[in-house]
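Report on the structure given below.
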Amino acid sequence: MIAVQVRDVFKFYKKYADRHKFLTIKSAMVSRSLFGDLQVAERFEALRGVSFDVKTGRTLGIIGENGSGKSTMLKILAGISKPTSGSVVTNGRISALIELGAGFHPEISGRENIFINGVILGLTRKEIQEKYDEIVQFAELEEFIDHPVKSYSSGMFMRLGFSIAINVKPDILLIDEVLAVGDASFVPKCLDKINEFRRHGKTIIFVSHDLATVERICDEVIWLKKGLVEMRGYPKRVIDAYLEYVGKRDVIKLKRQHEKEEKSAQHDQGGKDEWQSPEKRWGSREIEISNVKMFDAQGKEKYIYKADEPLTIEFDVKAAGNEKDFVFGIGVFNSEGISCYGSNTVLDDFSAQAISGSGTVRLAIPALGLINGTYFLDVAVHKFDGYPFDYHHFLYTFRVTSSHRDVGIARIAHRWEFSKNIRLKKNENS
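All residue numbers for the sequence shown refer to the numbering used here, where the first residue is 125 and numbers rise by one.
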């Protein structure tokens with residue numbers, strides 16, 4: 125059975141230019157130009173022909189960049205917004221946790237807001253009364269339930285909204301990015317409840333930038349890009365493709381920024397060689413590095429890696445003459461500029477013999493062993509005493525993604541062991 129059916133949904137938002145400003149609404153209506161004169165360039169196309177089905181009991185994740193149409197799609201599914209064209213059909217009671225504080229009246233208490241929201245979601249006052257204690261206890265707001273909600277923190281808002289949404293026993297649960305503001309101790313409770321809903325055959329549509337959670341709890345994932353369905357399928361496959369796209373985009377942006385900085389440095393130095401800038405690249409270039417790339421175990425160039433995935437760094441070198449004193453090295457730094465790892469051919473017990481003309485250098489790393497995050501790569505060739513031939517600093521970046529929640533710099537292989545008198549249970553969503 126299909127719980128949610130979306131067919132060719134478009135959603136446009138009007139954008140008004142200065143020439144469409146009127147002194148009064150009447151003058152706008154008389155001229156019949158309030159909407160009719162708007163050009164395509166003057167509207168924002170949030171969704172552009174989106175279609176998909178969600179079967180009953182399935183959990184669908186929706187991912188994408190900011191502005192891709194994720195939240196707009198959820199608002200249309202919830203009935204908060206109407207599509208410009210296309211159709212949406214839902215089967216069953218819908219409960220939505222979309223905007224933080226949506227549906228709450230700030231001046232009245234949490235208790236009164238529970239009853240108001242319950243009625244809006246289709247419950248009778250008697251049904252709300254029966255669920256009231258459960259809602260308050262789950263939200264952990266016993267001490268604050270009679271306070272006006274305008275005094276609530278964002279975390280308290282989220283707890284109350286989520287508790288109401290799940291306790292109306294919906295057939296379809298819509299969840300937007302609100303879990304991101306949840307208390308550290310409360311978010312696991314939410315995820316446990318979501319898993320309970322899944323076991324009971326409820327339909328869930330989940331929008332989030334937390335890709336590790338999306339991969340854990342979703343049966344399928346849709347990637348929205350500029351209002352279109354870019355990809356749909358198995359969570360890991362779609363998320364990997366999305367991260368690959370984001371990584372490539374970030375690298376392009378980074379390269380453009382570096383080119384801009386280098387041109388600026390060249391201009392400031394009165395036309396000196398652009399590589400003499402001390403910021404990102406320096407050295408005599410008697411041996412020059414170029415064409416730096418990163419590859420996975422299958423030899424595919426990529427920018428997104430799993431925590432323990434192999435990585436090969438490859439770059440071309442060109443020596444202007446014959447050199448006998450040279451050292452190749454790499455360095456890996458996290459987004460805070462902290463050195464995570466560094467090595468070179470001397471540290472690995474290689475002795476330089478000779479280099480002339482063009483060649484290729486490869487460094488194979490069997491397992492990265494890094495935690496989630498963005499990393500910068502340094503690549504260099506220099507003499508034994510440190511004299512730089514060519515040093516590339518922070519010119520290349522890659523990202524590591526993982527379902528692990530380690531902290532620090534490195535992911536060190538490990539396992540826990542306990543004596544028989546100590547009992548722990550492995551969480552299902554870990």
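Even for Gly, the Cβ is constructed at its ideal location relative to N, Cα and C. A quick note: this is a predicted structure, and the numbers were derived from the prediction, not measured.
For ASP449 and GLY493, I'd like the C-alpha separation in whole angstroms. Using only the alpha carbons, I get a separation of about 32 Å.
Starting from the C-beta of PHE500, find all residues in its chain whose C-beta is less than 6 Å away, skip the five residues before and the five after it, and write them out in chain order. If we look at PHE500 and ignore the five residues flanking it on each side, its Cβ neighbours are PHE457, PHE518, THR521.
In the DSSP assignment, find the unbroken beta strand (DSSP E) run with PRO512 in it and report its ends. Segment 512 to 525, the beta strand (DSSP E) holding PRO512.
Within 8 Å, strictly: CB atoms of LYS417 and GLU438: Yes.
Quick check on ALA476: does DSSP put it in helix, strand or coil? Here ALA476 sits in coil by DSSP.
To which residues does DSSP link LYS507 through a beta bridge? According to DSSP, which records beta bridges pairwise, LYS507 is partnered with nothing at all.
C-alpha distance - VAL470 paired with CYS464, whole-angstrom precision: Roughly 19 Å between the two C-alpha positions.
Going by the beta-carbon positions, is the gap between GLY453 and GLU410 smaller than 8 Å? Pairing GLY453 with GLU410 gives a Cβ-Cβ distance that is not under 8 Å.
In the DSSP output, which residue or residues are listed as bridge partners for GLN129? According to DSSP, GLN129 bridges with ASP177, VAL213.
Relative to the ligand SAH, is the shortest distance from any of its heavy atoms to the C-beta of ILE363 smaller than 7 Å? Among the components of this structure there are no ligands whatsoever, and the ligand SAH is therefore not found.
In chain order, what residues of the same chain have a beta carbon less than 8 Å from the beta carbon of GLU368, not counting five sequence neighbours either side? Counting only Cβ-Cβ distances below 8 Å, and skipping sequence neighbours, we find LYS426, TYR427, ILE428.
Between the C-alpha atoms of ARG131 and LYS179, what's the straight-line distance to the nearest angstrom? Spanning the two alpha carbons is a distance of roughly 15 Å.
Buried or exposed: SER480, going by 16 or more other Cβ atoms within 10 Å of its Cβ? By the 10 Å Cβ count, SER480 comes out exposed.
Strictly under 8 Å for the Cβ-Cβ distance: is ARG283 near chain B by that measure? No chain B appears in this structure, which consists of one protein chain only.
Are there three or more Cβ pairs, one per stretch, closer than 8 Å when the stretch 231 to 245 is compared with the stretch 344 to 363? Output reads no: the stretch 344 to 363 does not touch the stretch 231 to 245.
Where ALA534 sits in the DSSP three-state scheme: The answer is strand: DSSP assigns ALA534 an E or B state.
Using DSSP with H/G/I as helix, E/B as strand and the rest coil, what is ILE296? Correct three-state label for ILE296: strand.
Whole-angstrom distance between ASP364 and CYS342, CA atom to CA atom: The alpha-carbon atoms of CYS342 and ASP364 are separated by roughly 14 Å.
Round the Cβ separation of LEU297 and ILE252 to the nearest angstrom and send it over; I've been treating them as touching at under 8 Å. For a cut-off of 8 Å, the C-beta gap from LEU297 to ILE252 is around 18 Å, too long to register as a contact.
My parser needs the alpha helix (DSSP H) runs of 4 or more residues fully inside the stretch 306 to 354; what are they? If we require 4 residues or more, the alpha helix (DSSP H) runs fully inside the stretch 306 to 354 come out as 311 to 323, 335 to 341.
Whose C-beta lies closer than 6 Å to the C-beta of ASP569 among residues of the same chain, with five residues either side of it excluded? There is no way to answer for residue 569, as the model of the chain reaches only from 125 to 554.
Measure the alpha-carbon distance for ALA127 versus LEU201 and round it to whole angstroms. Here the alpha carbon of ALA127 sits roughly 11 Å from the alpha carbon of LEU201.
Relative to the C-alpha of GLY181, which candidate in HIS324, SER277, GLU264 has its C-alpha closest? Looking at the Cα atoms, HIS324 is the closest of the given residues.
According to DSSP, is SER278 helix, strand or coil? In the structure shown, SER278 sits in a helix (DSSP, three-state: H, G or I).
When DSSP labels each residue in this structure, what does VAL273 get in the three-state scheme? In this structure, VAL273 counts as helix in the three-state DSSP scheme.
Should ALA504 go down as buried or exposed, given a rule of 16 or more other Cβ atoms within 10 Å for buried? Buried, by the Cβ-count rule.
Determine which residues share a DSSP beta bridge with ILE244 and list them. None, per the DSSP bridge assignment.
Where do the ends of the beta strand (DSSP E) carrying TYR427 lie? DSSP places TYR427 outside any beta strand (DSSP E), giving it a letter other than H or E.
Hey, would you say SER205 sits closer than 8 Å to LYS199, going by beta carbons? Cβ distance < 8 Å, so SER205 and LYS199 count as in contact.
Inter-residue spacing [alpha-carbon to alpha-carbon] between LEU487 and SER332: Here the C-alpha atom of LEU487 lies approximately 36 Å from the C-alpha atom of SER332.
Would you call LEU548 buried or exposed, if buried means 16 or more other Cβ atoms sit within 10 Å of its Cβ? When all chains shown are included, LEU548 counts as exposed.
In chain order, what residues of the same chain lie with their CB nearer than 8 Å to the CB of LEU147, ignoring the 5 residues before and after it? Low local confidence applies: a pLDDT of 46 at LEU147 is under 50, so the model's placement there is unreliable, with the coordinate-based value given in what follows. Answer for LEU147: no residue qualifies.
Let me know the secondary structure DSSP gives SER467 once reduced to three states. Of the three classes helix, strand and coil, the one that applies to SER467 here is strand, per DSSP.
Inter-residue CB distance, THR196 and LYS135 (contact presumed, cutoff 8 Å): Confirmed, Cβ separation roughly 5 Å.
Cβ-based neighbour list, GLU339, same chain, cut-off 7 Å, excluding 5 preceding and 5 following: Closer than 7 Å at the Cβ level, and outside the excluded window around GLU339, lie PRO359, LYS360, ILE363, SER527.
Buried versus exposed, by CB contacts within 10 Å (16 or more), TRP540: Label assigned to TRP540: exposed.
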